[in-house]
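Chemist: A single structure is presented below for examination.
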Amino acid sequence: NSRADLEIIDELYKKLKEKYLKEGGPMAEQLTLLDWDYKGKDSEGKEVHIDVKQVSKELNGCYWSKDGKVRAPFTDEKTLDKDGKPTVFKQVPGFAKLQDDGMTSCGCWIFCNSFNDAGNAMARRDNKTDPTGLGLYPKWAWCWPVNRRVLYNRCSVDVNGNPLDPSRKLLAWNEKDTKWVGDVVDSPATVKPMSDLKEGGLPFIMKAEGVAALFGPGLNDGPFPEHYESLECPLSANPMGKQRVNPAIKIWYKEGGKSKAEDVYASCDARFPILASTYRVTEHWQTGVMTRNSPWLLEMQPQQFVEMSPALAKEKGISNGDKVKVVSARGQVDAVAMVSTRLQPFKIADSTVHQVGLPWCFGWTTPNAGDTSNLLCPTVGDANTMIPETKAFMVDVRKG
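Counting from 793, one number per residue, gives the positions in the sequence shown under this note's numbering.
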């Protein structure tokens, strides 16, 4: 019963449209008037599978009819049939040609030029030549945007447009023909080298300043790389600097017993001497919301486990398959011990540290599978992204 994603989306849209036409709803016109005719037809006129090429063409972008209401073939040359209708369907050749007057339509601007009037450039497999010798293969498949193989490629030339490394000529300015040769230039084709103060241009076209930057606005830390220890770790000091943890991280812990249980953390605490990390497993996708409700996948990977080294298992008196509890300052998780040589004790600053690993694809909605590893992780957010520290925190493993 498996179907392609396009088939699923097509059915979902048509059901939603049917419901909106009957019952109405907020912003109904955006749904009910959506141009949607991607089903191909067989010799008897019956709808069959989605026409993937048609979807690709509209992702590329196409010209519309003059009135902007009905999609129809249209050309700049105004080639018309006997009824006065355009006869040639014309693709938008590149995103620079997209207009705001209703004459063009595009599903995704970076796909412009991927399915052009010459055909499906993404499917090209017949040209294995590479004039640059740099592994670009410009006529093999297609790269966004406009088949440019290296973004910001004008950074590879000097102010006069000559390659900084002549032995690896990615791009060069041809003064005689007044054009760029090599990769598709990362700028309007008419832009000249930087030495031309009137018609030249800086290479970083997506930045207002046109030049590179060591760091950008809006970041809470930086600009240079720095090593910090995780909020919970077996070290009382950072061996690489004076600052142990990132001073810009978000912590919810409050002094004086005012914190919630999940916001407490414990670093260099004898109660939690083992370093823990989390990861995925092949059988379950992400947090397992979809996959652990599939009986065959749950049978392959049925419950929460904690992976540990033979040395740690021996120290704790734990055997492979034993039921154990993994405990942190915030909570505990029941798991099955998996003794594995993949994990081994290691040295940090002359101290031996044991590590355990847990998947985070289980939860309380699947009977007898075990709880989510997130119950163990500290409540701390990365300074820029607020991503929590699920890859390094401190726990203990207890038998029974």
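Here a beta-carbon is modelled for each residue, glycine too, at the ideal position from N, C-alpha and C.
1) When you compare the CB positions of V1172 and V1098, do they come within less than 8 Å of one another, or not?
2) Grouping DSSP H, G and I as helix and E and B as strand, with all else coil, what is N1176?
3) Along the beta strand (DSSP E) that carries L963, what are the first and last residues, could you check?
4) Helix, strand or coil for M986 per DSSP?
5) What are the uninterrupted segments assigned as alpha helix (DSSP H) that are 4 or more residues long and contained completely in the segment 1030-1095, given in chain order?
6) Quick one: measure Cβ to Cβ for W932 and N919, integer angstroms, because I've assumed they're closer than 8 Å.
7) Starting from D1126, follow its DSSP beta bridges and name the residues at the other end.
8) Taking 7 Å as the line, does the beta carbon of S1143 fall inside it for any heavy atom of the ligand MN?
9) Checking the sheet assignment: what are the DSSP bridge partners for D1013?
10) Taking the alpha carbon of K809 as the reference point, which residue from S794, S959, L825 and V840 has its own alpha carbon closest?
11) Whose C-beta lies closer than 7 Å to the C-beta of N1038 among residues of the same chain, with five residues either side of it excluded?
12) Please report the straight-line C-alpha distance between Y855 and M895, rounded to a whole angstrom.
13) Pair every Cβ in the segment 1022-1032 with every Cβ in the segment 1137-1145, then say whether three or more of these pairs are closer than 8 Å.
14) What residue range is occupied by the uninterrupted beta strand (DSSP E) comprising S1143?
15) CB I1066 to CB Q1147, shorter than 8 Å?
16) Run the CB neighbour count on G817, radius 10 Å, all protein chains shown included, and call it buried at 16 or more, exposed below.
17) Taking the alpha carbon of H1076 as the point to measure from, which residue in P1009, V1119, S1069 and C1153 has its own alpha carbon closest?
18) Determine, using beta carbons only, whether V942 and D975 come nearer to each other than 8 Å.
19) With DSSP as the reference, please indicate the residues paired to N1112 in a beta bridge.
Modeler: Taking the coordinates as given:
1) no
2) coil
3) Where L963 is concerned, the enclosing beta strand (DSSP E) stretches over L963 to N966.
4) coil
5) 1087-1092
6) 6 Å
7) K1117
8) Because no ligand of any kind appears in the structure shown, any question about the ligand MN cannot be addressed here.
9) Paired residue(s): none; D1013 is not in a bridge.
10) Residue nearest to K809 within the set S794, S959, L825 and V840 is L825 (criterion: CA-CA distance).
11) D1013, Y1020 and A1175
12) 6 Å
13) In this structure the segment 1022-1032 lies against the segment 1137-1145, because at least three pairs of beta carbons, one per stretch, are closer than 8 Å.
14) S1143 to V1145
15) yes
16) exposed
17) C1153
18) yes
19) Looking at the DSSP assignment, N1112 forms no beta bridge with any residue, so it has no partner.
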